[in-house]
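Taking it in order: structure first as structure tokens, then the write-up.
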Amino acid sequence: RGRRLGRRGGRGRREGRTGPAEIPRGCGGYRLAPLTAPCAAGWRDAVAAAVGALQAGGMVAVPTDTVYGVACLAQDSDAVRSIYSLKGRNGAKPLAICLGDVERLYRYCHVNVPDELLRDLLPGPVTLVLQRSEELNKDLNPFTSLVGVRIPNHSFMRDLARACSGPLALTSANISSQGSTLTVSEFQDLWPQLSLIIDGGPIGDIRSPECRLGSTVVDLSVAGKFSIIRPGCALTPTVEILRQKYGLVPESS
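Here UniProt numbering is used: the first residue of the sequence shown is 1, the next is one more, and so on.
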């Protein structure tokens with residue numbers, strides 16, 4: 001089917017750990033859950049704990065295929081406001097939504113590109129910006145008719161998103177304007193404000209600046225064109241797919 005984006009290979013990332021999924025509660029009220037292997041009971045326990053925390057209106061730190069993130073339920077307006085407060089984020093800066101599968105994207109977005117294009121890029125380290133549908137919470141990014149969509153190529157994130165009835169709101173686990181994080185210890189200052197921290201181990205090579213670039217953000221809301229909003233970690237293969245396979249042209253053209 002042609003070239004497809006996938007997980008950033010090598011570079012020492014680990015998606016899970018072995019061992020029991022103990023979820024102790026810290027003095028700030030948060031819980032820390034180390035991930036086990038995907039087939040282990042501890043993995044299912046971590047997914048269930050994260051779903052419970054999200055449904056209670058909490059914020060959960062999660063590993064993705066790029067950097068660590070913080071998630072809440074996108075349809076929960078109070079939780080969305082909590083993420084902005086947590087990060088000290090400009091209220092006019094949008095949050096992306098996270099889903100488990102391409103099929104669910106059509107409920108929350110108006111899509112004007114081929115389904116095969118979506119599947120060539122997702123799941124993967126790319127955020128696709130599309131026209132939002134009426135199904136999406138009006139308090140999420142109310143200043144724009146667009147929304148960024150992530151489907152990380154990370155088994156835990158996809159399992160978590162599938163276990164939730166609606167989309168997740170997802171942003172990087174750091175204070176706005178500070179660097180992205182590749183281990184849970186790097187955003188320890190945020191722990192007391194979180195309900196749960198899912199520790200998936202280091203993501204990539206923590207010494208490499210390239211591993212902290214985050215996802216490539218591309219606007220596909222204009223038919224036949226694309227616009228790179230953030231180069232991110234997958235710029236070259238993303239542009240190659242859009243231009244060479246699907247004939248899209250840069251919006252400035």
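By construction, the Cβ of each residue, glycine as well, lies at the ideal position given by its N, Cα and C atoms.
query	result
Inter-residue CB distance, Ile229 and Leu32 (contact presumed, cutoff 8 Å)	In fact, because the Cβ distance is near 33 Å, the residues do not count as touching under 8 Å.
8 Å contact criterion, which Arg150 and Ser195 should meet: CB distance rounded	Between Ser195 and Arg150 the Cβ distance is about 21 Å, and since that is not below 8 Å, they are no contact.
Residue nearest to Gly224 in terms of C-alpha spacing, selected from Thr238, Asn112, Val184, Ser85	Asn112
Test item: CB-CB of Gly148 and Val126 under 7 Å	no
Inter-residue CB distance, residue 258 and Asn141 (contact presumed, cutoff 8 Å)	No information on residue 258 is available, as it lies outside the stretch 1 to 253 that the chain covers here.
Distance CB(Arg207)-CB(Ser180) smaller than 7 Å	no
Cut-off 7 Å between Cβ atoms - residues of its own chain near Cys27, not counting five sequence neighbours on either side	Model confidence at Cys27 stands at a pLDDT of 45, short of 50, so the residue's coordinates are unreliable; what they give is reported in the following sentence. Here the set comprises nothing.
Limits of the unbroken beta strand (DSSP E) element including Ser227	225–230
Sheet register partners of Ile198 (DSSP bridge)	Ala33
Distance, Glu210 Cα to Leu190 Cα	23 Å
Sequence-distant residues of its chain with Cβ nearer than 6 Å to Gln193 (five each side left out)	Leu86
Boundaries (first-last residue) of the beta strand (DSSP E) holding Val102	Per DSSP, Val102 belongs to no beta strand (DSSP E); it is in the alpha helix (DSSP H), 102–108.
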